[in-house]
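Residue numbers for the sequence shown follow the numbering used here, so the first one is 1 and each next one is one higher.
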Amino acid sequence: MNTATVGALLTSIASQNILGENVLWHHEDQAIYWIDIEAALLQRYSLTDAAYSVFALPQRIGSFAFLQPGPQQDFQLIVAFAEGFALYNPQTKALKWLSQPEVQLAGHRFNDGRVNRQGEFWAGTMVENAAISDTQAALYRLDATGQAQPVLGSLCISNGLCWSLDGRTLYHADSPKHQIKQYPYDAATGTVGDAVLFADTPHNAHPDGSTIDAAGYLWNAHWGAGKVVRYRPDGSIDLELTLPVSQPSSVAIGGPNLDLLFITSSRLGLSEAQLAQQPLAGNLFIYQLHGVQGVLENHCDLSPQWLL
Numbered sequence: 001m002n003t004a005t006v007g008a009l010l011t012s013i014a015s016q017n018i019l020g021e022n023v024l025w026h027h028e029d030q031a032i033y034w035i036d037i038e039a040a041l042l043q044r045y046s047l048t049d050a051a052y053s054v055f056a057l058p059q060r061i062g063s064f065a066f067l068q069p070g071p072q073q074d075f076q077l078i079v080a081f082a083e084g085f086a087l088y089n090p091q092t093k094a095l096k097w098l099s100q101p102e103v104q105l106a107g108h109r110f111n112d113g114r115v116n117r118q119g120e121f122w123a124g125t126m127v128e129n130a131a132i133s134d135t136q137a138a139l140y141r142l143d144a145t146g147q148a149q150p151v152l153g154s155l156c157i158s159n160g161l162c163w164s165l166d167g168r169t170l171y172h173a174d175s176p177k178h179q180i181k182q183y184p185y186d187a188a189t190g191t192v193g194d195a196v197l198f199a200d201t202p203h204n205a206h207p208d209g210s211t212i213d214a215a216g217y218l219w220n221a222h223w224g225a226g227k228v229v230r231y232r233p234d235g236s237i238d239l240e241l242t243l244p245v246s247q248p249s250s251v252a253i254g255g256p257n258l259d260l261l262f263i264t265s266s267r268l269g270l271s272e273a274q275l276a277q278q279p280l281a282g283n284l285f286i287y288q289l290h291g292v293q294g295v296l297e298n299h300c301d302l303s304p305q306w307l308l
């Protein structure tokens, strides 16, 4: 019998993001990190002292992850900026470009990204302006040499990236198609097999950011429908959380006991009337979970020569 529930809303961080995304829990820091894509910001909220910090970035950002700590390391983050993959340090502003596979494609930018169970950073692109683009988006895997290798093509908005607990199944969504798909993943070759439908989402729900919990269930933000949904491993719905905002964008599970649910949201495209009805739009939400635990996020493990 399932006893998993989402408890009370503990707090809402008044970030008022235009497009909040890519929330991550950093266990060593005991802090939540997330981004505002449109405002080109990295944000941090400490659970220890409730301090909220904001770091300006050199350009819009699609996604990021933490680098595996090491000696003599100039960078802290692996980032999919709008124009491509780079190493970055938000304190010193040190920047090192690695790969820009779609920089020549007008109307494209990088979007959702994540580190897999093997420590590789993956990120996908999106067609932001179809009027000036005649090429579709793609999902990329950053290899050990710092180069982006295409994995999936023919996409509109790459989203919902996460992996099963054993790392053998890739979950991915092309948001406008209202589907979350799963793919067998071969870690030895870095390739994915044929897609299998995992879940359909309602017509008003665009599948956005996802995460996997310790039971192997998938959590997904339903952009437009104002919900976060937990799916069983067979793709059936286990529970739904209705939010006070219509555009939740990404989810993560963390906290000292790995039992807190973090959800980013967006104000993008909402009218004045909608914003009046959703005054918390753009905030980060923290809910208490019961009967659910998260798993620690993997850090990106690049070859040492790429970190200097």
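Note that beta-carbon positions come from the ideal geometry of N, C-alpha and C, so glycine has one too.
Endpoints, the beta strand (DSSP E) within which residue i is located
i	result
Glu21	Gly20 to His26
Ala173	Thr169 to Asp174
Lys227	Lys227 to Tyr231
Ser15	Taken as a continuous stretch (DSSP letters only), Ser15 belongs to no beta strand (DSSP E), as it is neither H nor E.
Thr242	Ile237 to Thr242
Leu139	Ala137 to Leu142
Leu41	Leu41 to Ser46
Cys162	Ser158 to Trp163
Phe81	Leu77 to Phe81
Ser154	Ala148 to Leu155
Asp49	Counting along the chain, Asp49 falls outside any beta strand (DSSP E), and DSSP gives it neither H nor E.
Glu134	The displayed chain sequence assigns Asp, not Glu, to residue 134. Neither: Asp134 is in no beta strand (DSSP E) and is coded neither H nor E.
Beta bridge counterpart(s) of residue i as assigned by DSSP
i	result
Ser210	Asn220
Lys177	Per DSSP, none; premise fails for Lys177.
Gly193	Beta-bridge pairing links Gly193 to no other residue.
Lys96	Leu87
Arg117	Beta-bridge pairing links Arg117 to no other residue.
Cys300	Leu67
Arg109	Met126
Gln59	Answer by DSSP bridge pairing: none, since Gln59 is not bridged.
Thr5	His290
Pro248	Ser265
Ile32	Trp25 and Tyr45
Leu260	Gly254 and Gln288
Gln199	Residue identity check: residue 199 is Ala in the sequence provided, not Gln. For Ala199, which the question treats as bridged, DSSP gives the partners Ile180.
Asp186	Thr191
Val54	Gln43
Thr11	Ile286
For residue j and residue i, the rounded distance between their alpha carbons
i	j	result
Lys93	Leu77	11 Å
Phe198	Asp234	7 Å
Ile32	Ile237	27 Å
Ile212	Trp163	7 Å
Gln73	Asn89	10 Å
Ala86	Cys156	23 Å
Ala281	Ser266	6 Å
Trp223	Pro248	5 Å
Val6	Arg60	33 Å
Thr3	His290	8 Å
His27	Ala187	26 Å
Leu218	Leu296	15 Å
Leu41	Val196	35 Å
Ala252	Ala131	34 Å
Asn204	Glu272	20 Å
Gln293	Leu261	9 Å
Val79	Gln277	34 Å
Gln182	Arg168	10 Å
Arg230	Leu241	8 Å
Gly146	Leu139	15 Å
Val127	Leu152	14 Å
Whole-angstrom C-beta distance between residue j and residue i, which should lie under 8 Å
i	j	result
Arg114	Ala65	7 Å
Gly19	Ile37	It is worth fixing the name first, because residue 19 is Leu in this sequence and not Gly. Going by Cβ atoms, the distance from Leu19 to Ile37 rounds to 4 Å, so yes, they are a contact pair.
Gln16	Asn283	7 Å
Ser133	Ala106	6 Å
Asp112	Asn159	5 Å
Leu10	Tyr287	6 Å
Ala137	His108	6 Å
Ala82	Gly62	6 Å
Leu239	Ile263	That pair is no contact at about 14 Å.
Cys300	Phe121	5 Å
Leu161	Gly124	7 Å
Ser46	Phe285	Not quite, the Cβ-Cβ distance comes to about 17 Å (not below 8 Å), so this is no contact.
Pro202	Ala225	6 Å
Distance cut-off 8 Å: residue i Cβ against heavy atoms of the ligand GDP
i	result
Cys156	Of the ligands one can find in the structure shown there are none, so the ligand GDP has no counterpart to examine.
Report the residue ranges of all alpha helix (DSSP H) runs contained in full by the stretch 264–295; include only those spanning at least 4 residues, in chain order.
-> Taking only runs of at least 4 residues, the alpha helix (DSSP H) segments lying wholly in the stretch 264–295 are 272–277.
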